[in-house]
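Trainee: The working numbering numbers the first residue of the sequence shown as 42 and each following residue consecutively. Backbone N, C-alpha and C fix where the C-beta goes; we use that ideal spot for every residue, glycine too. Sending over a structure as structure tokens; questions will come in a sec.
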Amino acid sequence: FKNVSVFTRPFDNFSAQKNFGIDQVVHPWVLFFDPDEEVVPALKQEILQAVARGAHDGYYVRRQLYFMGKKIKYSGFQTDWVIRLGRKSACRYNGNFVHETMDVNGRTGKLKTRLP
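In structure tokens, the structure reads:
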């Protein structure tokens, strides 16, 4: 890939790793996805539009969770919203060792396109 920098850091916890990553970013926005999550074309377009508008400092994305290959439809997990896109100057991870979440100092919005 062109224009890519690779950084290494000893692992201590997920929040610290992601905050280190935020500190290295040279662009005004950061975007985090898990390795098993996919950005479909409609979500890509919505992200680009949200960044261009700049109306919020962070954006929630709704996840579709699966268990043993089947969508989870009940139990509360079917409405799982997570912040994945944030303005670098307004976001940090909360410090949890696991199950870390992005905290946003500012306004948040919700993207309509769900993670498959």
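Of the choices H140, W122, S130 and L156, whose alpha-carbon is the least far from that of N159?
Mentor: The requested residue 159 is not part of the displayed model; the chain covers only 42 to 157.
Trainee: Do the CB positions of M143 and G95 come within less than 9 Å of each other?
Mentor: No. Outside cutoff.
Trainee: Please classify G56 as buried or exposed, where buried requires at least 16 neighbouring CB atoms within 10 angstroms.
Mentor: Here residue 56 turns out to be Ser, not Gly, going by the sequence shown. So S56 counts as buried.
Trainee: Which residue comes first and which comes last in the alpha helix (DSSP H) that contains R50?
Mentor: No alpha helix (DSSP H) contains R50, which DSSP labels as neither H nor E.
Trainee: Quick one: grab the DSSP three-state call for R155.
Mentor: Correct three-state label for R155: coil.
Trainee: Once DSSP output is grouped into helix, strand and coil, what is the label at F61?
Mentor: The answer is helix: DSSP assigns F61 an H, G or I state.
Trainee: Grab the span of the beta strand (DSSP E) containing R104 for me, first residue to last.
Mentor: Here the beta strand (DSSP E) through R104 covers G99 to R104.
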